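**Q**
Protein chains: 2
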Amino acid sequence: MRAEIINIGDELLIGQVVNTNASWMASELNKAGITVVRITTIADDRQAIFNSLDEASQRADIIFISGGLGPTKDDITKKTLAQYFDSGFVFHEPTYEQIKFIFATRQLPLTEINIEQAQVPEKCTPLLNKNGTAPGMWFEKEGKVFVSMPGVPFEMKTMVSEQVIPRLQEKYHLGFILHKTVMTTGVPESTLAIKIMKWEEQLPENIKLAYLPQPGIVRLRLSATGGDKKQLETAVNDEVDKLKGIIDEYIFGYDDVSIEEVIGQLLVAHHESLSTAESCTGGYIAHLITSVPGSSRYFIGSIISYANAVKTNQLGVSSTDIEMNGAVSRKVVMAMAKGVRKQLKTTYGLAVSGIAGPDGGTKEKPVGTVWIALAGEEHVEAQLFHFGEHRGRNIRRSALAGLNILRLHLIDK
Amino acid sequence: MRAEIINIGDELLIGQVVNTNASWMASELNKAGITVVRITTIADDRQAIFNSLDEASQRADIIFISGGLGPTKDDITKKTLAQYFDSGFVFHEPTYEQIKFIFATRQLPLTEINIEQAQVPEKCTPLLNKNGTAPGMWFEKEGKVFVSMPGVPFEMKTMVSEQVIPRLQEKYHLGFILHKTVMTTGVPESTLAIKIMKWEEQLPENIKLAYLPQPGIVRLRLSATGGDKKQLETAVNDEVDKLKGIIDEYIFGYDDVSIEEVIGQLLVAHHESLSTAESCTGGYIAHLITSVPGSSRYFIGSIISYANAVKTNQLGVSSTDIEMNGAVSRKVVMAMAKGVRKQLKTTYGLAVSGIAGPDGGTKEKPVGTVWIALAGEEHVEAQLFHFGEHRGRNIRRSALAGLNILRLHLIDK
């Protein structure tokens, strides 16, 4: 079963709004076993709507349309669809009741243009909008389904989940698509590709692989198609197991979990706590950790020692060590990790000291040179990294590398 | 001048990645006076790429293509474009140098598939990728321009800003459009709209206004079109001056400057320094401040006191005060600001303590309750905020509100 998505709205074409509806719809259709072959964004323009409907219905069986259903003049989708399907209008009583209800709740006066929203093309099956005033519309023509939905995300989402997907499942005998994403860090995409080349080549025909790189992270997405859900799950899990045999050290989790979430789970499981001492990352590691709800169970705090005086006064790093080795050195970063662990009384202290750039690099220590240390009760380790030229990326990659050092220690225990 | 955008990537069609490239590209093209008429997302599939190129070139003069340029097997855009434009390949020496440089900087081994990226279709003008290994490609055919760019956002953005837009401006002698963005914070969009309604109505016909809201920030973009650059500048500056007369207190800068950059400039000008004591923001303020290159000139460090023990031990907050008032209180946040200022020996101490959520709220102090304090040499002030339900947004809005309190103090002096 093939689908296309058509998002209508001038605001999308001038870049004022990011099209989050498209990715959400695509993800829901995929989960239901429907393949999205194209997403098209067009203006609130009659001819553009006509053309894109013609084109989409030649390629796909199901056409999802969002946007342009508001009560104001610039919203022309309903009128245009009525013309496209050569349909007159009828008054839809349940929608009128819903409009009255919404205006009463918000204590707003009901105007003519609001009541107008209860007029629907007679050739469609109206879909009640539980969270707004504009109804959805389900058309069928020459074996194809066209569903028009409001552009307001939370109105559209409820309509898709509660009405549109169940109707599609009922109407079509839907095949099954299973996705599993393997999250890796600490290895560049190209190196990973070489390591898993043979595994990739032996994948069964119905399992596809995609590389999805982000700064410091490469996601490997396996997509399996077939009729039997159980069988697919087994097949995908078998392949993931083989993959683990090859690149286990780089895999930090599955299905879009973040490394900071994984670390949180491990620390909770071990009843252990964490503090950070950050120089070049400037609080970014602490920010990632505290972005996770409930992180106060294991994260105690951090000392951001941007200036060397903070390294000596708050973390107890020896100023002689800083003078002799520089702030970006094994000795100093180890002292930072031990210092914060001691000061904040945590199981682990994680420390980073590096040159994020653009300034501050030398020949011996160019921009991107980063030392990371982890201190535990009877254990200190430090590692040297060379990242790139770009400040923001250096900060991001340093943070991920630091979190990964902690993760590897926690799973090795 | 009409443009279309084609985003290539299976990850977009299964909804795993939100298409932020499309909105960014659309916005940049718009700013250059180019109208985007359609955005199409397709799979990494040869036929889909061929079809969408055919279709787009019938409707538009400029076709922006992103994605599918990685070194791995699933990325087929380069090969497909070479076929589409009936072109062989040549080795592009500057790209090879760039690839070698990137791998040397990161101290990674250079593999065959990386070197392969320096092969470019001979019929294109290669565009050097300053931030990555995959070059962009500029093709021209039958008076139309086709530009292919990497899908990694920061690689694509630098290429568009530094190479693609300037080339388009030169090629098409684009009419002059002047943009000026007024950055505001501390006021919701709807309130702002009412305050500036009369000013908006009196704007000359060639100056258009767009509201661009982000969490905690509303950008007002003025776009003026005309032939004479000098005249446009005067006209736009006149309107901005009028606007300052109405909403001066909310304006923190112009043209996408960040509030953390503005604060850096003010602190440097005053020869003053800053430290932060962060509870619910968990290091996010320190992260924003240290995202600015050169921030070590004024930012000394931070104490992230996630646990109350850190508030008492490292910041000197009285434990009785915490017991009596709670950690989220005027008294505690003021003590945090004074404490960090004293401990880190800075001109200012900025402190935040609040309930980010989703847990930890009470009837008296629901999720979103945030206290912020600023301490200077002879001055302490604290302010109470009520943000929303959403953890990430509460952290972001708390940080912006804190930075704005500091900014208002610095410009008032």
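Chains as they are written, first to last, in my numbering: chain A, 1 to 413; chain B, 414 to 826.
Backbone N, C-alpha and C define an ideal beta-carbon position, used for all residues, glycine too.
The model shown is predicted, which means the values in this text are computed figures rather than measured ones.
Which complete beta strand (DSSP E) runs does the stretch 553-630 of chain B hold, if anything under 3 residues is left out?
**A** Counting whole runs of 3 or more residues, the stretch 553-630 of chain B contains the beta strand (DSSP E) stretches 557-562, 589-598 and 620-627.
**Q** Check whether the stretch 702-713 of chain B and the stretch 386-398 of chain A touch, using three or more Cβ-Cβ pairs below 8 Å as the test.
**A** At 8 Å Cβ cutoff, the stretches touch.
**Q** Looking at chain A, which residues of the stretch 704-729 of chain B have a Cβ within less than 8 Å of any of its Cβ atoms?
**A** Taking 8 Å as the Cβ-Cβ cut-off against chain A, the residues of the stretch 704-729 of chain B that qualify are SER704, PRO706, GLY707, SER708, SER709, PHE712, ILE713, GLY714, SER715, ILE716, ILE717, SER718, TYR719, ALA720, ALA722, VAL723, ASN726 and GLN727.
**Q** Starting from ALA235(A), trace the alpha helix (DSSP H) in both directions and tell me its first and last residue.
**A** Per DSSP, ALA235(A) belongs to the alpha helix (DSSP H) from 229-247.
**Q** Quick check on the DSSP output: the alpha helix (DSSP H) that includes ALA750(B) runs from which residue to which?
**A** Note, ALA750(B): alpha helix (DSSP H), 743-757.
**Q** Are the beta-carbon atoms belonging to TYR585(B) and MET438(B) less than 7 Å from one another?
**A** Result no, Cβ atoms of TYR585(B) and MET438(B) do not sit closer than 7 Å.
**Q** Return the chain-ordered ranges of every alpha helix (DSSP H) run that is complete within the stretch 451-525 of chain B and spans a minimum of 4 residues.
**A** For the stretch 451-525 of chain B, whole alpha helix (DSSP H) runs of length 4 or above, ordered along the chain, are 459-472, 490-497 and 506-518.
**Q** Which whole runs of the beta strand (DSSP E) in the stretch 251-311 of chain A are 3 residues long or more, in chain order?
**A** If we require 3 residues or more, the beta strand (DSSP E) runs fully inside the stretch 251-311 of chain A come out as 251-254, 274-278 and 299-305.
**Q** At a Cβ cut of 9 Å, what residues of the stretch 208-223 of chain A count as close to chain B, listed as they run along the chain?
**A** Against chain B - using a Cβ distance shorter than 9 Å - the residues of the stretch 208-223 of chain A are LYS208, LEU209, ALA210, TYR211, LEU212, PRO213, GLN214, PRO215, ARG219, ARG221 and SER223.
**Q** What's the call for VAL741(B), buried or exposed, on a 16-neighbour Cβ count within 10 Å?
**A** Classification of VAL741(B): buried, given that the 10 Å Cβ count is 16 or more.
**Q** Please return the same chain residues whose Cβ sits closer than 6 Å to the Cβ of PHE385(A), not counting the five positions on each side in sequence.
**A** Only VAL370 and ALA401 meet the Cβ criterion.
**Q** Which residues in chain B sit within 7 Å of PRO188(A), going by Cβ to Cβ distance?
**A** Residues of chain B passing the Cβ test: LEU521.
**Q** Measuring straight from C-alpha to C-alpha, what distance separates ARG820(B) and GLY501(B)?
**A** Approximately 57 Å between the Cα atoms of the pair.
**Q** Which residues share a DSSP beta bridge with GLU417(B)?
**A** GLU417(B) pairs with ARG451(B) and ILE476(B).
**Q** Using a Cβ-Cβ cut-off of 7 Å (strictly less than) and excluding sequence neighbours within five positions of ASP321(A), which residues of its own chain qualify?
**A** Same-chain partners within the cutoff: LYS331, VAL332 and ALA335.
**Q** Report the three-state DSSP secondary structure of ALA382(A) (helix, strand or coil).
**A** Of the three classes helix, strand and coil, the one that applies to ALA382(A) here is strand, per DSSP.
**Q** Taking the alpha helix (DSSP H) that LEU816(B) belongs to, which residues open and close that run?
**A** Element bounds for LEU816(B): 804-825.
**Q** Can you give me the start and stop residues for the beta strand (DSSP E) that THR546(B) sits inside?
**A** That residue, THR546(B), is in no beta strand (DSSP E); it is neither H nor E in DSSP.
**Q** So what does DSSP say about LEU541(B), is it helix, strand or coil?
**A** Of the three classes helix, strand and coil, the one that applies to LEU541(B) here is coil, per DSSP.
**Q** Residues in the stretch 466-484 of chain B with C-beta within 7 Å of chain A's C-beta atoms, listed in sequence order?
**A** Flagged, chain order: GLY483 and PRO484.
**Q** Using a Cβ-Cβ cutoff of less than 6 Å, which residues in the same chain neighbour GLU272(A) once the five nearest sequence positions on both sides are dropped?
**A** Answer for GLU272(A): THR347, listed in chain order.
**Q** Report back the beta-carbon spacing between LEU110(A) and PHE103(A) to the nearest angstrom; my notes put them in contact at under 8 Å.
**A** Right, the Cβ-Cβ distance comes to about 5 Å (below 8 Å), so this counts as a contact.
**Q** Can you pull the chain B neighbours of HIS179(A), defined as C-beta to C-beta under 9 Å?
**A** Under the 9 Å cutoff, chain B gives ILE427 and GLN429.
**Q** Is the CB-CB distance between PHE567(B) and ASN544(B) below 7 Å?
**A** Yes; because the gap between Cβ atoms is below 7 Å, this pair is in contact.
**Q** Just to make sure I have the definition right: I need the residues of chain A whose C-beta is within less than 8 Å of the C-beta of VAL753(B). Which are they?
**A** Residues of chain A passing the Cβ test: none, with the nearest at roughly 10 Å.
**Q** Considering only C-alpha positions, which residue in the set GLY639(B), LEU625(B) and LYS776(B) is nearest to VAL17(A)?
**A** Closest option to VAL17(A), Cα to Cα, is LEU625(B).
**Q** What does the alpha-carbon distance come out to for the pair LYS73(A) and ILE49(A)?
**A** Answer to the nearest angstrom: the Cα atoms are 16 Å apart.
**Q** Could you tell me if GLN202(A) is buried or exposed, where buried requires 16 or more neighbouring beta carbons within 10 angstroms of its beta carbon?
**A** Under this definition GLN202(A) is an exposed residue.
**Q** So is PRO617(B) buried or exposed if we call it buried at 16+ other beta carbons inside 10 Å?
**A** Its Cβ having fewer than 16 others within 10 Å, PRO617(B) is exposed.
**Q** When you compare each of LYS230(A), ILE263(A) and LYS195(A) to LEU178(A) by their alpha carbons, which one comes out closest?
**A** When each option's Cα is compared against that of LEU178(A), the closest is LYS230(A).
**Q** Starting from ILE322(A) and walking both ways along the alpha helix (DSSP H), at which residues does that stretch end?
**A** Element bounds for ILE322(A): 319-325.
**Q** On the three-state DSSP scale, how would you describe GLN530(B)?
**A** Of the three classes helix, strand and coil, the one that applies to GLN530(B) here is helix, per DSSP.
**Q** With 16 as the cutoff for other CB atoms within 10 Å, does GLY770(B) come out buried or exposed?
**A** By the 10 Å Cβ count, GLY770(B) comes out buried.
**Q** So does the stretch 185-202 of chain A actually touch the stretch 520-538 of chain B, counting three or more Cβ pairs closer than 8 Å?
**A** With a cut-off of 8 Å, the stretch 520-538 of chain B and the stretch 185-202 of chain A count as touching, because enough Cβ pairs lie within range.
**Q** Tell me which residue opens and which closes the beta strand (DSSP E) that THR775(B) is part of.
**A** Looking at the DSSP string, THR775(B) is not in any beta strand (DSSP E), and its letter there is neither H nor E.
**Q** So what does VAL17(A) bridge to, in DSSP terms?
**A** Beta-bridge pairing links VAL17(A) to no other residue.
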